[in-house]
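Below is one structure, written out as structure tokens; comments come after it.
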Amino acid sequence: MHRPAPTADWSSTELPDQQATLAESPARSTTAGWLRFETIQNSASFLVSLLVHFSLVMLLAMFTIIEPSDQQIELIVVEPEMEDRERPLEVELDESEKIAKEMTLANLTTTEQGMEGMVEASLKAPQLEMPPTDFANAPLVALQAEAFLTKDVDSLIEDMPVGTVGSVQAVVGDYQEAMDQISQELIWMLSKNKVLVIWLFDQSESMKDDQAKIRQRIHRIYGEVGLSEHAQGDALTTGVASFGQGFQLHTRAPTADPQEVDEAIAAVPVDPSGEEMFSSAVAEVLTLHRRYAKIADRKVALIVVTDESGNTEDNEGRLEKAISIAKATDTRVFILGREAVFGYPFAHVRWMHPEEGTIHLLPVDRGPEAALVEQLQTDGFGKRTDALTSGFGPFEQVRMAKETGGIFFMLPGEEANINNSIDRRYEPKTMDMYRPNLNSRLQQVGEVKSDPLKTLVTKIIYDLNPYQESVADVIEIQQVFSGDLQQFRQQVRQQQAKMITYITYLDRAIEVAENNRNLRDESSSLRWNANYDLLYGQLLAYRARAFEYGAYLTNFAENPPAPPQMPGYMEFRGWRLATAEQLSAAEKTEADISLSRDVLQFVMQEHEGTPWATRASWEIKRGFGVKLEPIFFDTRRINRPRPVAPGGPPRMPVQIPKL
């Protein structure tokens with residue numbers, strides 16, 4: 003049962019006089035409104051704010067900002083092309099399965115009337131752009147239970163009618179624990195019917211070790227299942243398939259021979275494309291086995307093994323279609339997956355170029371845990387590249403398990419080279435109070451439209467969206483500067499001009515959040531209380547850092563220090579931005595910093611044991627000042643390729659991989 007939503011109150015906190023210390027900022031006078039909790043203001047200046055219309059066309063493309071971790075290495079971010087690949091299914095099912103393939107969140111605008119509490123919201127609800135007939139027969143899915151994420155897995159071992167939702171998520175320590183539970187599920191299914199189990203593997207390079215682990219345990223699973231009195235003969239048959247950018251079937255027909263299953267898993271290839279068409283693959287493999295399962299009168303268990311959330315466009319367009327096919331084929335979907343990144347679609351893997359010695363950040367799909375974007379996609383300087391764990395699996399995979407009566411098994415992450423990884427383990431009982439909405443995206447867009455708090459938070463997030471082309475140049479602040487003094491000063495002048503616009507964006511966002519503080523207090527959703535609290539603390543921190551950025555660069559350009567002396571093989575390549583404790587414009591930023599600390603510390607206390615608290619702590623530890631650090635490149639890291647022999651074929655350049 004949900005506890006009452008907390009009401010944040012810092013009225014007793016002693017803060018500097020913001021009118022005096024922040025007189026030069028156009029929105030500083032609104033900061034004290036957070037402490038007074040007065041009625042909402044009707045201000046003409048507020049009414050023209052946030053005019054940029056954003057969309058959810060990409061549910062966020064990949065991010066590029068680099069946090070310096072090694073001054074000896076030059077970092078490069080790879081921007082992969084996001085291509086939309088349609089893979090039509092071979093078999094169309096009934097009308098109830100015609101689900102929408104595309105949707106965008108757009109037209110988040112401001113009215114001319116201001117806000118009157120819960121009734122007159124100043125922010126129009128997101129408008130859904132979609133073909134007029136696509137959603138005509140879409141099934142509506144409602145949450146049926148209060149505590150999906152804490153439901154005991156053993157409770158599934160009972161007679162389960164078609165359409166029963168699964169326990170959704172089980173946190174497991176390793177593959178053995180997950181496969182032990184799957185064995186019990188298969189034994190229970192066999193007690194009712196013959197069973198077809200289908201293994202569906204992700205073809206990414208990172209999954210080869212996982213596939214080897216499963217092969218080592220596959221005989222144990224089938225051995226345990228074979229001991230059941232219900233598993234004699236061909237009562238259990240198996241198919242094996244895999245997916246990446248495309249799809250492959252590795253068993254010509256379902257087999258009852260475990261050795262054939264082992265060999266089929268060994269045949270799973272590596273797809274270098276970096277694409278994982280998860281939803282399409284589920285629909286494809288079930289469509290191919292549908293006739294067999296029906297003729298043989300078998301229940302179907304689909305076991306998906308993947309360490310990514312899948313291609314964003316494919317998931318948005320085909321998730322509901324895949325769920326409909328799973329229901330039509332009476333399939334329970336079990337997913338052995340990874341924890342989603344908190345409020346963000348990607349993690350970034352550090353990869354060193356074997357010849358140049360440079361480090362590249364390669365994006366991998368790892369989230370988010372929610373259907374729509376609920377967290378800022380900027381770290382204050384540009385696109386995020388952190389990898390804070392969310393406590394939940396990726397939305398598409400958890401929703402699919404829920405809707406089909408299956409389980410999402412959340413395996414621990416094992417990647418040591420994930421950039422800025424913040425791995426935390428959260429208590430399921432605590433996280434249950436913050437669980438994301440597992441309704442369809444269509445249904446959730448409607449909920450955002452009807453909930454003023456959700457509309458407010460969503461509006462600010464999309465207005466500060468670094469993936470929106472029209473504002474990306476403003477939101478993304480330059481972080482790497484030339485080592486040439488003349489060029490450096492020119493870059494600084496350009497950034498100072500841009501900073502005026504950027505701070506105005508932040509002023510407006512902060513003003514909207516403060517003027518509509520009552521929406522947060524009146525909401526009963528702990529998750530959206532936490533979203534609001536963290537968002538507000540971050541906005542204050544980012545405005546302070548923006549002022550510090552401008553002041554620091556001005557001082558640095560006037561009195562540039564010489565780079566430190568280094569050995570001859572260390573090549574100086576310029577300067578890189580980093581956060582710091584020391585301030586350059588304390589007289590202008592100390593009020594924002596003080597209030598931001600109060601808000602973020604409140605998040606840490608009120609939402610303790612959650613990703614919101616972890617993120618708030620990370621923001622404080624970053625420091626509110628900035629500095630420039632020299633970039634040196636160790637030329638000894640360069641692995642010079644051998645020269646090409648005269649008349650020989652040209653040497654193929656090393657391609658940056660897609661993960």
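Under this note's numbering, residue 661 is the last one in the sequence shown; the count climbs by one each step, no gaps.
Glycine residues also receive a C-beta, built at the ideal position from the N, C-alpha and C atoms.
All figures in this text were calculated on a predicted structure; none of them were measured in a lab.
Would you tell me roughly how many angstroms separate the C-alpha atoms of residue i and residue j, rounded to the nearest one?
i	j	result
G175	D486	52 Å
L413	E262	26 Å
D388	E405	31 Å
E322	S442	8 Å
F634	E573	5 Å
D535	V514	13 Å
G448	D594	35 Å
I505	N520	25 Å
K215	I420	21 Å
T331	G393	31 Å
W614	N313	26 Å
R666	Q250	As displayed, the chain neither begins before 3 nor continues past 661, which places residue 666 out of reach and without an answer.
E478	L579	13 Å
L364	V628	26 Å
G395	Q470	26 Å
R426	R340	13 Å
V459	Q493	33 Å
I463	L378	5 Å
E179	Q218	14 Å
E88	L555	Its pLDDT being 35, under 50, E88 is placed unreliably in this model, and the value from its coordinates should be taken loosely. The alpha-carbon atoms of E88 and L555 are separated by roughly 47 Å.
T308	R368	10 Å
S525	N518	12 Å
E310	Q205	11 Å
F626	H291	57 Å
R624	I337	36 Å
A553	S619	25 Å
T612	R599	18 Å
M191	G415	30 Å
G576	Q498	19 Å
Are there 16 or more other CB atoms within 10 angstroms of the CB of residue i, so buried, or fewer, so exposed?
i	result
Q488	exposed
E560	exposed
K296	exposed
L158	A caution first: L158 carries a pLDDT of 30, below 50, which makes its placement in the model unreliable, though a value can still be read off. So L158 ends up on the buried side.
V272	exposed
E429	exposed
A532	buried
R638	exposed
A511	buried
E318	buried
P356	exposed
E371	buried
N557	exposed
A268	exposed
T33	The predicted position of T33 is uncertain, since its pLDDT is 41 and thus under 50; a value taken from the coordinates is nonetheless stated next. That one is buried.
R437	buried
R529	buried
A243	buried
S596	buried
P468	buried
Assuming residue i and residue j form a contact by the criterion Cβ under 8 Å, report the distance between their Cβ atoms to the nearest whole angstrom.
i	j	result
W2	T257	This structure does not reach residue 2, given that the chain is present from 3 up to 661, and the question cannot be answered.
Q171	V400	6 Å
Y2	L455	With the chain represented from 3 up to 661, any question about residue 2 goes unanswered, as that position is not in the structure.
T503	V476	5 Å
T333	L304	5 Å
L390	V450	About 23 Å separates the two Cβ atoms, so there is no contact after all.
G539	E621	7 Å
L630	F410	Actually they are not in contact, since the Cβ atoms of L630 and F410 sit about 44 Å apart, beyond 8 Å.
Q247	M279	7 Å
Taking only beta-carbon atoms, is residue i less than 8 Å away from chain D?
i	result
A543	Annotation note: the requested chain D is absent from the structure, which comprises a single protein chain.
Stretch-stretch touch, CB-based, cutoff 8 Å, three pairs: the segment 351–360 with the segment 582–594: no
contact_flag[the segment 534–548, the segment 380–397] where n(CB pairs < 8 Å) is 3 or more: yes
So, does the segment 178–192 touch the segment 219–228, judging by three or more C-beta pairs under 8 Å? yes
Three CB pairs or more closer than 8 Å across the segment 277–289 and the segment 315–330: Short answer: they touch.
Every unbroken beta strand (DSSP E) within the segment 345–410, with a cutoff of 3 residues, ordered by chain: 348–354, 361–367
Give the list of continuous alpha helix (DSSP H) stretches no shorter than 4 residues that lie fully inside the segment 472–557. 487–517, 519–524
Report the residue ranges of all alpha helix (DSSP H) runs contained in full by the segment 194–238; include only those spanning at least 4 residues, in chain order. 210–228
Jot down the residue ranges of each uninterrupted beta strand (DSSP E) in the segment 308–342, minimum 3 residues, whole runs only, in chain order. 333–340
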